[in-house]
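I have placed the structure first, in the form of structure tokens, so that the comments after it can refer back to it.
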Amino acid sequence: DVKVTQSSRYLVKRTGEKVFLECVQDMDHENMFWYRQDPGLGLRLIYFSYDVKMKEKGDIPEGYSVSREKKERFSLILESASTNQTSMYLCASSLSDGTLAKNIQYFGAGTRLSVL
Amino acid sequence: EDQVTQSPEALRLQEGESSSLNCSYTVSGLRGLFWYRQDPGKGPEFLFTLYSAGEEKEKERLKATLTKKESFLHITAPKPEDSATYLCAAQPPQAGTALIFGKGTTLSVSS
Numbered sequence: 020d021v022k023v024t025q026s027s028r029y030l031v032k033r034t035g036e037k038v039f040l041e042c043v044q045d046m047d048h049e050n051m052f053w054y055r056q057d058p059g060l061g062l063r064l065i066y067f068s069y070d071v072k073m074k075e076k077g078d079i080p081e082g083y084s085v086s087r088e089k090k091e092r093f094s095l096i097l098e099s100a101s102t103n104q105t106s107m108y109l110c111a112s113s114l115s116d117g118t119l120a121k122n123i124q125y126f127g128a129g130t131r132l133s134v135l
Numbered sequence: 003e004d005q006v007t008q009s010p011e012a013l014r015l016q017e018g019e020s021s022s023l024n025c026s027y028t029v030s031g032l033r034g035l036f037w038y039r040q041d042p043g044k045g046p047e048f049l050f051t052l053y054s055a056g057e058e059k060e061k062e063r064l065k066a067t068l069t070k071k072e073s074f075l076h077i078t079a080p081k082p083e084d085s086a087t088y089l090c091a092a093q094p095p096q097a098g099t100a101l102i103f104g105k106g107t108t109l110s111v112s113s
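Residue numbers (this note's numbering), protein chains in the order written: chain A, 20 to 135; chain B, 3 to 113.
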């Protein structure tokens, strides 16, 4: 089974702190994604990566950066956390864009981040 | 602009009361339509992929169908354990693009 592991289920941080959210997948997937999910707004794409050291901005990249130094690991960085970044963060991975079946995204359990 | 819209936002059913969830999309050249289930406090779990209009897929009490403009998730004789948020997502035709998600329908089934 595909496994996507997010390092923390719950995090509480102070405004202005630098926050790292880590995601690891064990299925050799090329693509990895970071979303945030808020009530009434659904899933919103922050960044995605289709290869090591490659990244693409999603719909809401402001205030975030990402790092992908190894294929299995994709990190989301909040350079200076703010209260409006309190949210559920979800990581996902998928195989490369070959056949459509490979576009299935597999999600981690999520990290609920509270910024106080 | 590519968009995915789900309705209703919330649906309450009695156990055994069948119904359908709707997912409308405006994505030219749709490559595929995905359905996910999400339980509270957890990540979405993959259910189905539909590739072309007319296609149907089933899993237990769930059946997903696809037309050229929308997809339906039919729930037959639901049970309380079917309570969850159901998400649909569209795959645009361009290679290397991310899925476009709808906001979801939250289903509550009471016994």
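Note that the Cβ used here is the ideal one computed from N, Cα and C, for glycine as well.
Kindly say whether Leu-109 of chain A, judged by its beta-carbon, lies nearer than 8 Å to any beta-carbon of chain B. At least one CB of chain B lies nearer than 8 Å to the CB of Leu-109 of chain A.
If you reduce the DSSP assignment to three classes, tell me which class Gln-40 of chain B lands in. In the structure shown, Gln-40 of chain B falls within a strand segment according to DSSP collapsed to helix, strand and coil.
Is there at least one Cβ from chain A nearer than 8 Å to Ala-100 of chain B's Cβ? yes
Quick one: is Ser-106 of chain A buried, meaning 16 or more other Cβ sit within 10 Å of its Cβ, or exposed? buried
Apart from the five residues on each side of it in sequence, which residues of its chain come closer than 8 Å, Cβ to Cβ, to Gln-5 of chain B? Tyr-27, Thr-28, Val-29 and Ile-102
Verify whether the separation of the beta carbon atoms of Thr-108 of chain B and Thr-78 of chain B is less than 8 Å. Going by C-beta atoms, Thr-108 of chain B is not nearer than 8 Å to Thr-78 of chain B.
Going by DSSP in three states, Thr-102 of chain A sits in which element: helix, strand or coil? helix
Answer with yes or no whether the minimum CB distance from Phe-39 of chain A to chain B is below 8 Å. no
Ser-94 of chain A and Ser-86 of chain A: beta carbons closer than 8 Å? yes
Determine the DSSP secondary structure at Asp-57 of chain A, reduced to helix, strand or coil. Reduced to three states, the DSSP call for Asp-57 of chain A is strand.
When we look at the beta-carbon of Ala-12 of chain B and count the other beta-carbons within 10 Å, is it buried (16 or more) or exposed? By the 10 Å Cβ count, Ala-12 of chain B comes out exposed.
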